[in-house]
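Chemist: Everything in the sequence shown is counted per my numbering, starting at 2 for the first residue and increasing by one.
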Amino acid sequence: HHVKQLKLDLVQPRHNYAPPVSQNRQGHIYMPTSLLTEGARLLASGVDIAIHDENIRPRVISSNFVGVNLLGAPYIPEVIRLREAIDKEVGAEAAYLFGGQVVSGLTHTQFKRLFGNSAFNGNNDEVLAAVLGIDIRALVAPEKTSLIRAYEKIPDGIMREYLSREFSLYVSQGCQFACDFCAAVRTFRDPATGEVTRVKESYRDPEIIERDLEYLVQRAMQLEIKELKIYLSNLDVFQTPTELLKFALAVEKVRRTHLDFTIKLRGLATAESFLKTR
């Protein structure tokens with residue numbers, strides 16, 4: 002008895018300031034690393050995926066499960082429209098998994114009021130496993146997930162677009178500072194009670210970063226790209242010096258085997274943690 006493999010369409014919506022699709026122009030092209038991380042986790046758990054970046058070309062939905070990455074609050078109205086459009090295209094009500102930092106900021110009631118009953122919080126692994134009918138133990142933590150499986154799903158033409166521009170490398174997440182303008186996972190001070198919830202930065206496994214970087218360098222070389230311009234996902238590059246050193250050594254190993262290839266790294270840092278690290 003052949004069981005048909007479960008498939009999920011992952012959509013990166015078109016940037017909300019991009020020229021309209023009718024003008025036939027590209028949107029804001031930037032490799033959707035968080036969407037690819039989720040895609041790689043799903044591939045590792047036995048779910049097949051298709052990746053659609055609407056900044057490059059319009060989506061073609063072929064499954065009953067649709068995952069969408071919200072880049073921020075402005076995307077809430079965008080995905081409400083997107084959902085209605087996809088339901089029309091598919092001719093049935095699909096199940097939607099919405100992820101991204103902004104989704105974590107919504108209460109369960111707000112989420113249901115905005116998106117309806119066929120939408121689910123894709124950031125929550127228990128919800129994700131239940132909706133897709135997979136074993137939650139098959140979902141490996143993002144820090145232990147290699148993105149290579151997801152990168153392999155990206156055709157050369159699109160990968161060339163991504164790697165010839167700056168792109169984000171998932172190195173760490175979380176921040177010890179409590180800046181109130183920031184929507185990321187960070188130390189949080191409750192304005193009502195003054196209670197502080199501390200968050201430590203969590204790094205990805207450096208061996209996995211090294212493997213992923215090695216893959217990206219080789220793929221770039223196949224595409225005749227001579228350098229990678231990388232933006233580090235760290236919210237404050239120098240906040241965890243020992244882990245940063247392990248990351249630096251991993252990059253150095255990749256560079257030693259590709260001496261004629263250039264890797265440029267950039268990231269955000271506070272003066273305070275920079276001085277501590279020094």
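We treat Cβ as the ideally placed atom computed from N, Cα and C, and that holds for glycine.
1) Once you ignore the five residues that flank PRO242 on each side, which residues in its own chain have a CB closer than 6 Å to its CB?
2) Using only the alpha-carbon positions, how far apart do HIS2 and LYS145 sit?
3) Apart from the five residues on each side of it in sequence, which residues of its chain come closer than 8 Å, Cβ to Cβ, to VAL91?
4) Suppose only complete runs of 3+ residues qualify. What are the beta strand (DSSP E) ranges in the region 78-127, listed by chain order?
5) Using the Cβ count rule (16 or more neighbours within 10 Å means buried), how would you classify ALA221?
6) What is the rounded straight-line gap between the Cα of LEU133 and the Cα of GLY195?
7) Nearest-angstrom Cα distance between ARG190 and CYS183?
8) State the DSSP-derived secondary structure class of ALA179, mapped to helix, strand or coil.
9) Report the rounded CA-to-CA distance for VAL48 versus ALA272, giving the unit in angstroms.
10) Could you tell me whether the Cβ atoms of THR258 and SER169 are closer together than 7 Å?
11) Which ranges does the beta strand (DSSP E) cover as unbroken runs of at least 3 residues, wholly within the region 29-76, from first to last along the chain?
Modeler: According to the structure data:
1) THR278
2) Caution is warranted here: a pLDDT of 49 is assigned to HIS2, below 50, making its placement in the model unreliable, and the coordinate value is therefore given only provisionally. Cα-Cα distance, rounded: 33 Å.
3) ILE62, ASN65
4) 96-100, 120-122
5) buried
6) 39 Å
7) 12 Å
8) coil
9) 43 Å
10) no
11) 49-54, 66-70
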